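Q:
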Amino acid sequence: MARVLDTPTPSTPPPPARSLRQTPWVRWGAPLLLVAALAVLPLVGTESFNDTLARIGVFAVAVLGLNVVMGYTGQVSLGQIFFLGLGAYVTAYGVQQGWNVVLVFVLACLLPAVAGLLVALAAARLGGLAIAMVTIALPIVGVPLAKRLSEFTGGSQGLSARFTDAPEGSGLYDDQFQLYLVLGIGGVVFLLTACLVRGKYGRAFAIVKDNENVASSMGISPYRYKVLAFTIASLIGGVSGFLYMVVVQYTSPETMSFGHSIELLVAMVIGGAGSIAGSLLGGVFYVVVPDLTNAVDPSLTSLLQGALLLLVLFLLPGGLVSLPRALARRLRRSPAGRGSAAPPTPPSSTPGSATAAERPQTERQGHA
Amino acid sequence: MAGGLTLQDVSLRFGGVTVLQDVGFAVEPGQILGLVGPNGAGKTSLFNCISGHYRPTSGRVLIDGAEVQGARPATLAKHGLARTFQHPALQLRATVLENVLLGAHTRLPGGALEWAFRTPRTRRAERELRAEALALLERNGLGWAAHLPADELSHGLHKGVELCRALLMRPSLLLLDEPAAGLSHGEVEQLITTVRRLRTDDDITVVVVEHHMGLIAALTDRVVVLDHGAKLMEGTAAEAQSDPRVIEAYIGKDAAADDAA
Amino acid sequence: MNGHVRSRRTLGIAVASALAVTLSACGGATDAGRGGDTAEGAPSPGITDDSVTLGITTPLSGSTAGPGTCTVAGVRAYFGMRNAEGGIEFGDGQTRTVEIEALDDTYDPQQAAANYDQLKNEVFAMTAGLGTPTNRAWRDAAIADEVPQALIMTGDPIFSDTEQSPWQLGFVPIYQNEGEAFGELLAASGQQHRVAILSQNDDYGEGYVEGFKAAVEGADNIEIVDELTYEATDTSVDAQITELANSGADVIFNAMSLVPLVVGALQKAQQLGWTPSWFLPSNTSSPGAVLEPGGGGAFPGIYSVSFAKAPASPAFAEDEDVQTYLSALAEYGDYPEPPAFPHCQWSWMVGATLEQAFTQMEEPTRDSFMEALRGIQGYEAPLMLPGTSVDTTQDGQPAVSSVVVQKYNGRGYDTVESFG
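See the structure below:
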């Protein structure tokens, strides 16, 4: 996932970190090691460790989807849980009908994506907070709808589908097999999304978030990219719904209740908006914190969670993902004051910077 | 690439307020046209009519003979129109290079799926345009800043970055909205060199809104003077500066402003 | 269904252990935490010679926290009292204290399943948890792991079906039981009745209506004149009440689960001058929360069903059961004020019923427990109303399937033998 700059950067000496990353050993070795570690992880973890990890995977994917539309593209979505729920229902229904699992997976991705597309086509035109308003309606409508369409959804009794018992002869426990599925599917989704939010589409999403006027002058239709981001978020939501069924194996109207949508949003902010690693941390937060507060005092879970939320937001407004940066800044600040405080200026003394000589030192600061 | 621009009787009204009244002029491909006038004369509104951010109430806008009034900005961008903004709108936390690369958007092939899978085609295109963006920054004296976050640069440099971003679009027609505002003297000199080179090297048609008369005089082939939303005169910069109507428009404004103060 | 093949797994472990050195912090022992294959007769997890631990996952926060908290408080109070008396003598001769481990699931099925995963190897049995989806979420897993899911609080019939749910047993009456009880009373009234039905458009409403219709089927004194539904998201049922009022019905069978809607319906009917006899489900018929604000006194009769004594009712103020219960609830259940939800009483009865099973189980195993649990008949648990009892031997029925119909008397409810 690490981005590697292929282009030479003639005028700046590359920082040492990048050159380390470009060493073939590190470039190929690090991902391989990561894959190997992930491949072994399910075999060495305890059952409850694996279960927890798998659930983290489910919600990390859901938060990732939310991040695409909200963190990266800046469109407030309060309906992400609806797409998770839809994906879960499609999966449960397909499995109960005895459809091929691959087909079920494809449908669990596509149907939420189509639903997301239709919603976005209508909502993105309205702009501003309208998207947020429309997306609020999704889980609010989704819950009674799921109860009503009991022919497909099992009504308020929900649907169970156990289709992820470890295959005979694999030598795996169920929890190991499920974790492999989550790691595999979730890993691919993370990788693809990480690629997408860099480069052409990442830049387009970012400018739609920051300044729609500039976006459109660059040939980027804000409307189209909002719709695209929302559709991708819905698709990823559908994937997380499939994974939900892999791990939880049961879905009901409560799965998509509005409160969970807010919790997903909180998890995204806590993890770090507009960050791939932040999505992962968001998943950890979503899953681990309720378990943790339960361990402390089951009757005070919401209070403790609220306190933790405030604590993180006060200390790390950028989310957990900004922790290393915040620490580094603190460390840099404390010993040797303002080493990097002055704004950078063109390096007139740097040899090889041809233009620098044309510009006298005094005029460089502009209106900084 | 051509880049000829023609405006015919363009009017713009917001409710009962007339912002522009029957403005018309033509810019030949490769020319540099200055758009001047006192504050509130309608220069930026006219700009927005050309770039598609506003839709003219009546009249026609033609780029290379094709009517484009009412087309969305994103569509116009694909037809070779680029613009900068009065207040440079950069993504402050992204690097300068990433900011400039935004201009490459319409030139990068491939859909979302291709980019998610990083197909060879998208990787090659990204690599090539990254190199081109760096070269462009180099050429405009900003190569040293390519990997810095934009918010570490001064206002003047932001304008340069924004120009590079517009240029990476390979426009045939470039609209510059007050490019000299807030620049130091030296930066203005640099800007003049850059824009001149756009015409000679890249054959880009430029329309520039500016108060800085020195820049207008040094750069433009012709100027159009706007006052109260209507065209006051059209001619060379020297003609405009000596035209009594223009002087009156400016002086009158200033005098009125002095009275009010 | 711990689908594992020893030899292959050993291979897996061999591969794993090569890299496990670097990852030792993540996992620990490869087999840790995977239960299941205990030898015949050996004690199940969660039980020792002097104590047994029960697990509960139930909503302790969120909108269902009120009843959810009660489901823990009652059972905790019951066993707190028993523990203080020295414990319970089990069928195998050992005397054990009973510990409760409760986790909050916020009525989220996913969290309930996670809580179950966390508890299943520490507790002997799961019990008392509230909610249909939250119990359904780990039903399959409990069957696969052979963990008892005993005496849970849901009206969903699946938990009482021995075939489908061998390790489960519901405690409270299913929706059908309630509807049926009222239907039987009405059919036996000896008078002609025109009945209007208004029910929630989901399996809750359907369950009630199904039970009611089954009971009045073939009774020629009952005519159903109009039948309407509403959505759980509706904010008013005024339109339905208006239509039903025009049907000329003298009885309304009203299966609604939402307190504000019931209050609104009662008020609307009075406004229209329509005062039929009114049936309400047990969870939306509270005198204080529903009938007083709704003006229940205006109707010739408001009927509901119950199987538990209401501690707030003056009729039971001197009742010994109720007094023991309230003081234990305050002392051991961390619930100082008289409970606003019947779930506290139900949960107390769950404790008493569990004790019945404990005293009968001959081995400290989950198997033996389930066997004992399914053998209770005619047990009148404390707080039970006369005419109701615990009977776990009937397939397809929850532990409590008998309810008595009660009629509102202006302050509380009295059990009635006949309609009118």
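Residue numbers (the numbering used here), protein chains in the order written: chain A, 1 to 368; chain B, 369 to 629; chain C, 630 to 1049. Cβ coordinates follow ideal geometry from the N, Cα and C atoms, glycine included. From a predicted model like this one, the values you see are computed outputs, not experimental measurements.
1) For Ser865 (chain C), count the other beta carbons within 10 Å of its own beta carbon; 16 or more makes it buried, fewer makes it exposed. Which is it?
2) DSSP three-state call for Ser1047 (chain C): helix, strand or coil?
3) Of the residues C:Pro672, C:Leu689 and C:Pro674, which one's Cα is nearest the Cα of Pro290 (chain A)?
4) Does any residue of chain B have a CB that is nearer than 9 Å to the CB of Pro144 (chain A)?
5) Can you pull the chain A residues whose beta carbon is under 9 Å from the beta carbon of Glu860 (chain C), in chain order?
6) Using the Cβ count rule (16 or more neighbours within 10 Å means buried), how would you classify Thr153 (chain A)?
7) Report the rounded CA-to-CA distance for Tyr421 (chain A) versus Arg768 (chain C), giving the unit in angstroms.
8) Can you grab the Cα-Cα spacing for the pair Gly128 (chain A) / Ala206 (chain A), in whole Å?
9) When every heavy atom of the ligand SAM is checked, does at least one fall within less than 8 Å of the C-beta of Asn1038 (chain C)?
10) Tell me whether Trp25 (chain A) is buried or exposed, calling it buried when 16 or more other Cβ atoms sit within 10 Å of its Cβ.
11) Using 8 Å as the Cβ pair cut-off and three pairs as the minimum, do the segment 295-312 of chain A and the segment 72-89 of chain A touch?
12) Let me make sure I understand the geometry here. Which of C:Pro910, C:Ser886 and C:Gly924 has the alpha-carbon closest to that of Ala898 (chain C)?
13) Shorter than 9 Å from the beta carbon of Phe453 (chain B) to some beta carbon of chain A?
14) With burial defined as no fewer than 16 other Cβ atoms inside 10 Å of the residue's Cβ, what is the status of Met133 (chain A): buried or exposed?
15) Listing by chain order, which chain A residues have their CB less than 7 Å from the CB of Thr761 (chain C)?
16) Taking the beta carbon of Arg765 (chain C) as the centre, do at least 16 other beta carbons fall within 10 Å, making it buried, or is it exposed?
17) Does the beta carbon of Ser257 (chain A) come closer than 9 Å to any beta carbon on chain E?
18) Just checking my contact of Thr573 (chain B) with Gly438 (chain B) at CB under 8 Å: how many whole Å lie between their CB atoms?
19) Let me check one thing: in DSSP terms, what residues is Asn744 (chain C) bridge-paired to?
20) According to DSSP, is Phe582 (chain C) helix, strand or coil?
21) Mind checking the segment 407-437 of chain B against chain A and listing, in chain order, the residues whose C-beta falls within less than 7 Å of any C-beta there?
22) What are the complete alpha helix (DSSP H) segments, minimum 4 residues, inside the segment 224-276 of chain A?
23) Quick check on DSSP: helix, strand or coil for Asp377 (chain B)?
24) What does a CB cutoff of less than 7 Å around Val1029 (chain C) pick up in its chain, not counting 5 residues either side in sequence?
25) What's the call for Gln869 (chain C), buried or exposed, on a 16-neighbour Cβ count within 10 Å?
26) Could you run through the segment 161-172 of chain A and flag, in chain order, every residue whose CB is less than 8 Å away from some CB of chain C?
27) Can you list the residues of chain C that Val248 (chain A) reaches, using a CB-CB cut of under 8 Å?
28) Quick check for students: name the residue ranges of the alpha helix (DSSP H) that lie wholly in the segment 376-420 of chain B, counting only runs of 4 or more.
29) Taking 9 Å as the CB-CB cut-off, is Ala770 (chain C) touching chain A?
30) Using 10 angstroms around the beta-carbon of Trp28 (chain A), count the other beta-carbons present and answer buried if the total reaches 16, otherwise exposed.
31) Closest to Asp678 (chain C) by CA distance: which of C:Ala706, C:Glu718, C:Thr871 and C:Ser692 is it?
32) How close, in whole Å, do the beta carbons of Val95 (chain A) and Val102 (chain A) come, if the pair is a contact with beta carbons under 8 Å?
33) Of all the CB atoms in chain A, is at least one closer than 9 Å to the CB of Ala969 (chain C)?
34) Nearest to Gly116 (chain A) by CA position, among A:Ser77, A:Tyr93 and A:Glu151, is which residue?
35) Nearest chain C C-beta to Asn67 (chain A) closer than 9 Å, yes or no?
36) Could you spell out where the beta strand (DSSP E) holding Lys209 (chain A) opens and where it closes?
A: Checking against the coordinates, here is how it stands:
1) For this step, residue 865 (chain C) is matched to residue 236 along the third sequence. Burial call: exposed.
2) Sequence index remark: in the third sequence, residue 1047 (chain C) carries index 418 (1-based). Ser1047 (chain C) falls in the coil class under three-state DSSP.
3) Start at 1 with the first residue of the first sequence, and residue 290 (chain A) comes out as number 290. Out of C:Pro672, C:Leu689 and C:Pro674, C:Leu689 has the C-alpha closest to the C-alpha of Pro290 (chain A).
4) Numbered from its first residue, the first sequence carries residue 144 (chain A) at position 144. No, Pro144 (chain A) does not count as interfacial toward chain B.
5) The residue given as residue 860 (chain C) occupies position 231 in the third sequence. Chain A residues near Glu860 (chain C): Pro144, Lys147 and Arg148.
6) What you label residue 153 (chain A) is simply residue 153 of the first sequence in a count that begins at 1. Counting the other Cβ atoms within 10 Å of the Cβ of Thr153 (chain A) gives 16 or more, which makes it buried.
7) In the structure as shown, chain A starts at 1 and stops at 368, and residue 421 (chain A) therefore has no counterpart that could be examined.
8) For the purposes of this step, residue 128 (chain A) is taken as the residue at position 128 of the first sequence. For the purposes of this step, residue 206 (chain A) is taken as the residue at position 206 of the first sequence. If you take the alpha carbons of Gly128 (chain A) and Ala206 (chain A), they lie about 16 Å apart.
9) The ligand SAM is not among the ligands present in this structure, which contains no ligands whatsoever.
10) Taking the first sequence and counting its residues from 1, one reaches residue 25 (chain A) at position 25. Result: exposed.
11) With a cut-off of 8 Å, the segment 72-89 of chain A and the segment 295-312 of chain A do not count as touching, because too few Cβ pairs lie within range.
12) By one-based count along the third sequence, residue 898 (chain C) stands at place 269. Checked all of C:Pro910, C:Ser886 and C:Gly924; the closest Cα to Ala898 (chain C) is C:Gly924.
13) As a first step, residue 453 (chain B) is located in the second sequence; it is residue number 85 there, counting from the start. So, interface residue.
14) On the first sequence, residue 133 (chain A) is found 133 positions in, with the first residue counted as 1. Met133 (chain A) comes out exposed.
15) Taking the first residue of the third sequence as position 1, residue 761 (chain C) is located at position 132. Residues of chain A passing the Cβ test: Ser156 and Gln157.
16) In the third sequence, the residue the question calls residue 765 (chain C) occupies position 136. If you draw a 10 Å sphere on the C-beta of Arg765 (chain C), you find 16 or more other C-beta atoms in it, and that means buried.
17) Note that chain E does not occur in the displayed structure, where the protein chains are A, B and C.
18) Position 205 of the second sequence, counting from 1, holds the residue named residue 573 (chain B). Position 70 of the second sequence, counting from 1, holds the residue named residue 438 (chain B). With a contact defined as Cβ atoms closer than 8 Å, Thr573 (chain B) and Gly438 (chain B) miss out at about 21 Å.
19) On the third sequence, position 115 is the one that residue 744 (chain C) refers to. Among the bridge pairs identified by DSSP, Asn744 (chain C) is matched with none.
20) An answer regarding residue 582 (chain C) cannot be provided, because it is not within the stretch 630 to 1049 covered by chain C.
21) The residues in question are Ser419 and His421.
22) The DSSP assignment places complete alpha helix (DSSP H) segments of no fewer than 4 residues inside the segment 224-276 of chain A at 258-271, in order along the chain.
23) Counting from one through the second sequence, the residue named residue 377 (chain B) turns up at place 9. Per DSSP, reduced to three states, the secondary structure at Asp377 (chain B) is strand.
24) Position 400 of the third sequence, counting from 1, holds the residue named residue 1029 (chain C). For Val1029 (chain C), the CB contacts under 7 Å within the same chain, skipping 5 residues up- and downstream, are Phe800, Val801, Pro802, Phe936, Thr1017 and Val1019 in chain order.
25) Reading the third sequence from its first residue, position 240 is the one you call residue 869 (chain C). When all chains shown are included, Gln869 (chain C) counts as buried.
26) Listed by position along the chain: Arg162, Asp165, Ala166, Pro167, Glu168, Gly169, Ser170, Gly171 and Leu172.
27) Stepping through the first sequence from its first residue, residue 248 (chain A) is reached at position 248. Near Val248 (chain A) (Cβ distances below 8 Å), the residues of chain C are Pro738, Gln739, Ala742 and Ala766.
28) Runs of the alpha helix (DSSP H) inside the segment 376-420 of chain B: 411-419.
29) For the purposes of this step, residue 770 (chain C) is identified with residue 141 of the third sequence, where counting begins at 1. At a cut-off of 9 Å between beta-carbon atoms, Ala770 (chain C) makes contact with chain A.
30) One-based indexing of the first sequence puts residue 28 (chain A) at position 28. Taking every protein chain shown into account, the CB of Trp28 (chain A) has fewer than 16 other CB atoms within 10 angstroms, so this residue is exposed.
31) Counted from its first residue, the third sequence places residue 678 (chain C) at position 49. Distances from the alpha-carbon of Asp678 (chain C) to those of C:Ala706, C:Glu718, C:Thr871 and C:Ser692 put C:Glu718 closest.
32) Along the first sequence, one-based indexing puts residue 95 (chain A) at 95. Along the first sequence, one-based indexing puts residue 102 (chain A) at 102. With 8 Å as the limit, Val95 (chain A) and Val102 (chain A) do not qualify as a contact, their Cβ atoms being about 12 Å apart.
33) Walking along the third sequence from the start, residue 969 (chain C) turns up at place 340. Answer no: the Cβ-Cβ gap between Ala969 (chain C) and chain A never drops below 9 Å.
34) Walking along the first sequence from the start, residue 116 (chain A) turns up at place 116. Out of A:Ser77, A:Tyr93 and A:Glu151, A:Ser77 has the C-alpha closest to the C-alpha of Gly116 (chain A).
35) For the purposes of this step, residue 67 (chain A) is identified with residue 67 of the first sequence, where counting begins at 1. By this cut-off, Asn67 (chain A) is not an interface position.
36) For this step, residue 209 (chain A) is matched to residue 209 along the first sequence. Boundaries for Lys209 (chain A): no beta strand (DSSP E) harbours it, while the alpha helix (DSSP H) harbouring it runs Gly199 to Asp210, taken from the DSSP string.
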